[in-house]
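Residue numbers (the working numbering): 26 to 986.
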């Protein structure tokens, strides 16, 4: 790392290590150029001299000048550190150094140096401009994308940039994946921004402000204080703004209206300085997804959940930082109101030994949700090795809903479409002689609920004087309270002795619940040699949960769906408590955990003192003692006192090969968990007459084993503009919890019971590769492949066998994505395809194998037309095969387009969107597990045209002459 010149001094004690970083006093960033640090005696004689190394701070993504030196025992303990760099004033800092039998440590972070001239800064800016021709490169463990190397649409926001990054994937809900790995946090200049919600930054930050996008494993605050990696940290994407946007403010606002009463409105304002940031946003729309041209010609991924959502949302975010990084104050507040209408329907097959049953289903629901949340964070970092932080959070929600559910169950699969079947079953003149009918059931409900939760967490760290060791103490206190009420009308018809039977009920349920808990942890960080750490830890958890499930039910003789009950009807229901199914429960749980965290870190260095390779090994055994006291009260009390011994083991091995060409990571874990106490209750619940639930006092604890291997090319292929990555793994469970059921084929009643099963496991492998094809790198190719295999074990019976029999289902999922893109000047065209295949088998003679195909292929383009008009369009064919419902085996051609024009130096942009021009879009959700298969349609947003106007403004103060 550093070049040293040292006086030969002999000592009986271990050398003391001095670490530190050097920054520019004005910019608070790394100094450009060589920095030397000399250790002097008080008479100015030189003991050692080192050169600083360039490092990226994994805590905040900032580049730092870092130095370290080992000082043998001297005759005195008082010294002077001298910092020198061309163009900067010399800095002299007095320090005190002591020596001990174990290696001591002195840390001097962020020593600031004042500039004499700005010549070097100007030269550096010229170098940065020329370097942006390279799309991405690796610097140590950080993947860096140059934003200026990507061609974007006029008016593009951050999401348009991220979708173009090689190896990056942006999901419709704002989740980001890079090289197949989930990005845990999206940062702006190394800081959190609307923590936990990426969409605010993705939708509102103009792409032209971005200098770099950095992806790295962010070092935790604890690792920074200890001076070594002591935990996993976070995998983050850090958005670095251009230097001219270090001080100023920006505003974006967008408004639109279209056919089918589609509308949107958005406002975003941000004020920023190097030490502070304040942001405010608002959003209203009934265009319930984020689909729009993504800069690669596509319109984003399709959200399979369906439904129509209208959103009204607003919030603010603030951050204040100290220049010397002594403290940080940040927080956010968010208020949202949504209306969601969801309709789904289709067919399902229940796998029953001796003969499957077939269902036609439809559900309609409408709900509104109000939510308020706020979170704040304060951290203080002292120079004496003491640090602490506190984080209070609060959340509140209120909801109202109505729903309608209809179902018909048959012994033979109906020929007619599910809508025709249900229309006949639930018409006023429905016939009781419908062929092969087992049961008809429906439920019409409305309800409301509200709740709140709060949490206060704290963390503190104490460093032992003149030592690398330290102690951390952390904990939190939390509560959660909720109330829900619903009333419903229940309809159930079945055959008994060839005579139709009726069960009509009016029901009312109320469910108040309260939870409280606290957590406390203490951990000691022991530097056991230069490369080994040994960190023992103790944790105490307490959890209290209490609640009442009060159920009221009264039989009626009419099949009516009206829920506008008269007061007399409501009073009649409230006077008829279902005492057999109403209950209250109380849980008090204490858990004590003791773990030992052993870590070995080894870095290979070049002759110039730069990191060249590395090993990281972590072995973390733990033991948990969990004591549960559970009280369940229905007609009489049941007490369950259970104590579990739960061992755990985590092993993590990471290898950076020489010259940082490759990264290989292997993890192994063994965990055990206790069953839910409610499942241990010896009780039968019949509040849902079609789904009778039993308890199981004999449930045992569960053990899970996981092994994962991950690979990514770092510097190996970067000179050719390529990336290669992949991962594979396996999960296996012992005594996994499953639901065993017995199905009465004459009445359609299912009796469920939780049981432990052995034999459940799943494995997967995924690979990704992207590369330019031509020398000028205008034509690129990318592919992502994933294969999943699930081995599922369940127990089921048709009622003719006293004990449910073991049923094993094997399911294989294959998914392949291929994409070609060609870019020339401001023209971007491409073709892409996706193939998904689902194959399932079971160890039953009467089981019909499942083979589902979902194929998508098409083309996309972004073309600049005359008069500075831009066209974005895509044409995609969706094909489905292998579905039981004939209506779902179809081809849907979907076409979307946008015309846009920017004026006034790109501050004002006019757009016209045409969504689903051919009116062919449909959403389908299909799947299979050990107990059945399903195929459902979801309602989707109708085709529409939308006129949008986007205005943006940014301002930076003029530099003084």
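Glycine residues also receive a C-beta, built at the ideal position from the N, C-alpha and C atoms.
Source: prediction; values computed, not measured.
| residue 625, DSSP secondary structure in three states | The three-state secondary structure of residue 625, taken from DSSP, is strand.
| In this structure, does DSSP put residue 87 in helix, strand or coil? | Residue state for residue 87 is assigned as coil, using DSSP reduced to three classes.
| query | Which residue comes first and which comes last in the alpha helix (DSSP H) that contains residue 185? | reply | Per DSSP, residue 185 belongs to the alpha helix (DSSP H) from 183-187.
| said: Once DSSP output is grouped into helix, strand and coil, what is the label at residue 67? | reply: Residue 67 falls in the coil class under three-state DSSP.
| Taking the alpha helix (DSSP H) that residue 229 falls in, what are its first and last residues? | First-last of the alpha helix (DSSP H) with residue 229: 224-229.
| request: Can you grab the Cα-Cα spacing for the pair residue 455 / residue 837, in whole Å? | output: One C-alpha to the other measures close to 41 Å.
| request: Could you tell me the boundaries of the beta strand (DSSP E) in which residue 109 lies? | output: Per DSSP, the unbroken beta strand (DSSP E) holding residue 109 starts and ends at 103-110.
| What is the rounded straight-line gap between the Cα of residue 907 and the Cα of residue 880? | About 12 Å.
| query | To which residues does DSSP link residue 496 through a beta bridge? | reply | Residue 496 is bridged to 487, 549.
| So which of 138, 53, 944 has the shortest CA-CA distance to residue 298? | Considering only alpha carbons, the answer is 53.
| query | At which residues does the alpha helix (DSSP H) containing residue 13 begin and terminate? | reply | Residue 13 cannot be examined here, being either before or after the span of the chain that is shown, 26 to 986.
| Sequence-distant residues of the same chain with beta carbon closer than 6 Å to residue 857, five excluded per side | Counting only Cβ-Cβ distances below 6 Å, and skipping sequence neighbours, we find 844.
| task | Please check the pair residue 385 and residue 439, which I expect to be a contact at CB under 8 Å, by giving their CB distance rounded to whole angstroms. | result | With a contact defined as Cβ atoms closer than 8 Å, residue 385 and residue 439 qualify at about 6 Å.
| Going by Cα to Cα distance, which pick from 618, 831, 667 is closest to residue 646? | The shortest C-alpha separation from residue 646 is found at 618.
| field | Rounded straight-line distance, which links the Cα of residue 636 to that of residue 630 | value | Going by the C-alpha atoms only, they are around 5 Å apart.
| Any idea what DSSP makes of residue 274, helix, strand or coil? | The answer is strand: DSSP assigns residue 274 an E or B state.
| task | Spell out a yes or no on whether the stretch 724-739 and the stretch 754-767 are touching, meaning 3 or more CB-CB pairs, one atom from each, closer than 8 Å. | result | By the C-beta criterion, the stretch 724-739 is judged to be in contact with the stretch 754-767, since at least 3 inter-stretch pairs fall below 8 Å.
| said: What does the alpha-carbon distance come out to for the pair residue 145 and residue 55? | reply: Because the pLDDT at residue 145 is just 38, under 50, the model does not fix this residue reliably, and the value given afterwards should be weighed accordingly. Their Cα atoms are separated by approximately 13 Å.
| query | Using the rule of at least 16 other Cβ atoms within 10 Å of the residue's Cβ for burial, across every protein chain shown, is residue 829 buried or exposed? | reply | Buried is the call here.
| request: Round the Cβ separation of residue 860 and residue 883 to the nearest angstrom and send it over; I've been treating them as touching at under 8 Å. | output: 13 Å between Cβ atoms; not a contact.
| When the distance is taken between beta carbons, is residue 306 closer than 8 Å to residue 339? | Yes, Cβ-Cβ distance for residue 339 and residue 306 is below 8 Å.
| Pairwise C-alpha distance: residue 778 and residue 665 | CA-to-CA, the gap between residue 665 and residue 778 works out to about 18 Å.
| What did DSSP end up calling residue 432 once you bin it into helix, strand or coil? | The DSSP-derived three-state label of residue 432 is strand.
| field | Same chain, Cβ closer than 6 Å to residue 961, neighbours up to 5 away in sequence not counted | value | Cβ neighbours of residue 961 within its own chain (closer than 6 Å, five residues either side excluded): 369, 371, 950.
| What does a CB cutoff of less than 6 Å around residue 585 pick up in its chain, not counting 5 residues either side in sequence? | Excluding sequence neighbours, residue 585 sits near nothing in its chain.
| field | Extent of the continuous alpha helix (DSSP H) to which residue 951 belongs | value | It is not in any alpha helix (DSSP H) - residue 951 instead sits in the beta strand (DSSP E) that spans 948-954.
| said: Rounded to the nearest angstrom, what separates residue 222 and residue 695 at their Cα positions? | reply: Cα to Cα, the separation comes out at about 32 Å.
| field | Proximal residues to residue 251 (C-beta, below 7 Å), its chain only, five neighbours per side dropped | value | The answer, listed in chain order, is 495, 550.
| task | Could I get the ranges of all uninterrupted beta strand (DSSP E) runs contained in the stretch 243-273, with 3 residues as the minimum, in chain order? | result | Those beta strand (DSSP E) runs which fall completely within the stretch 243-273 and span 3+ residues are 259-266.
| task | Buried or exposed for residue 219, please, with buried defined as at least 16 other CB atoms from any protein chain shown within 10 angstroms of its CB. | result | With 16 or more other Cβ atoms from the protein chains shown falling within 10 Å of its own Cβ, residue 219 counts as buried.
| query | Since residue 638 is in the beta strand (DSSP E), which residue starts that stretch and which ends it? | reply | In the DSSP assignment, residue 638 falls within the beta strand (DSSP E) that extends over 636-658.
| field | DSSP bridge partner residues for residue 234 (one or two, in chain order) | value | According to DSSP, which records beta bridges pairwise, residue 234 is partnered with nothing at all.
| Run of the alpha helix (DSSP H) containing residue 713, from where it starts to where it stops | Where residue 713 is concerned, there is no enclosing alpha helix (DSSP H), because DSSP gives it neither an H nor an E.
| query | Can you name the start and end residues of the alpha helix (DSSP H) that residue 443 belongs to? | reply | Its alpha helix (DSSP H) spans residues 443-450.
| Mapping DSSP to helix, strand and coil, what is residue 892? | Assigned with DSSP and collapsed to three states, residue 892 falls in helix.
| task | Answer yes or no: do residue 344 and residue 361 have a C-beta to C-beta separation smaller than 8 Å? | result | In this structure, residue 361 does not lie closer than 8 Å to residue 344 by Cβ.
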